Structures are given as C-alpha cells and as structure tokens.
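Numbering (the UniProt record's numbering), first residue to last: 1 to 207.
Heads up, the beta-carbon is just placed ideally off N, CA and C, and yes, glycines get one too.
Computed from a prediction, not measured in an experiment: that's the story for all the values here.
Below: the structure, in structure tokens.
Take a look at the structure:
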C-alpha cells in the first residue's frame, strides 16, 4: 500500500512539474511576451536567440524594434540575427521623458521614431521590446493604443499596470508624459488592419 501511495505521489509530482517547467522555459526564452494586436504588434522583454527565432517564425515578424541603449550590448547579437532572417531591426534609443531647460522633451524623438514604424503596414507584424518589457515597452504600447486604437488614457494606463507597471511613482516623468500626450487623431486614416482591430481591443483592453 505504501509503495502504491509513493508511486501515486511520484506521478502527481511529475504532472505538476510539467506546467512549472514550461512556464520557466517560456519566461527564460520569451520574457514577458504578449499580443498587443495580433498580426500587427507584439511586445516583450529581451528574448534569447531561441525565443526570438520562435516568435519570428510563429508570428511572422517583419520588424523588431529595440528600445534598449546602444551600450547595452547583451543584445548586440540581435541586429545580425534579424538581418539573417530578413527581418528589419530598428533601435530606438531611450531618452529622458522630462522637459529640458528649453522646454523640449527628448523622449519625443523616440516616440516619433516608433510612430514612423507603425504608420507603415509593410512593417507589420512588429515586435517591440526593451529589457524587461514593462516600462519603455509599456509606454510605446500605451501610445499605440491611444494613437491608433482610440483608447483613453485611463485604459492605456490600466493595461500598463496589468503588465507590471508598478509602482508608478518610480517613473513619474514617464507617467506625466503619458498624461499630457495628445494623439494625432489618425484613427480615421490609420491602416485598415488597425481599424479592424479597434472594437475587439476596446472590449478587451487586457488582451
């Protein structure tokens, strides 16, 4: 009887270990990967070569946008990796979100670069990432939501919190920028792929 009990416990442990191992493997190789708008925009943290290869193949990624600094060479392999697979690689260097002495916000250049990518459907599907896939990436996704999908600021911030943007006090300048952000109101002239997604995304903002 004891042997049967031990065997049963062993089987249960093996079964329970499966999902845990899968989750750890996914977090290692596909850090914080999420669907923003299927076939259009995806988000993540820094992926491993194996993780990026899988996402490129499974999602048909055409453009990878890195929001990491030039000197963060832990992702130095990524540009050549994308080039070998015919994927465009765009590095948008992070900048300060607070206004400088002249009243200009350096990070607006990064926002313009990101919108330039998203304005052209030939770049889709796009994967945008930073290191953790939370703050820098979350900000660009929030701007995407408001810019192309007509989300309110409250909806966009709620999604950021859902994806790990806590506590907000750590990124006051970033949050302040989002609160002052005014979309270009391109919803009516946005690519058809984005317009088709609008109703679904508004109904399920935590997708």
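- When DSSP assignments are scanned along the UniProt domain "Tyrosine specific protein phosphatases" (112–161), the uninterrupted stretches of alpha helix (DSSP H) that are 4 or more residues long and fall wholly within it turn out to be 135–148.
- Residue 37 carries a strand assignment under DSSP once its states are collapsed to helix, strand and coil.
- DSSP places residue 91 inside the beta strand (DSSP E), whose first and last residues are 88–91.
- Take residue 152, set aside five residues on each side of it, and the residues of its chain with a beta-carbon closer than 8 Å to its own are 146, in chain order.
- Judged by beta-carbon spacing, residue 125 lies beyond the 8 Å limit of residue 51, meaning their Cβ atoms are not closer than that value.
- Collapsing the DSSP output to three states places residue 59 in a helix.
- Between the stretch 53–69 and the stretch 82–91, the count of Cβ pairs shorter than 8 Å is three or higher; the stretches touch.
- Residue 179 sits in a helix when the DSSP states are folded into three classes.
- Sorting 134, 159 and 139 by C-alpha distance to the C-alpha of residue 180 places 139 at the top.
- Secondary structure note for residue 101: it is in no alpha helix (DSSP H), with a DSSP letter that is neither H nor E.
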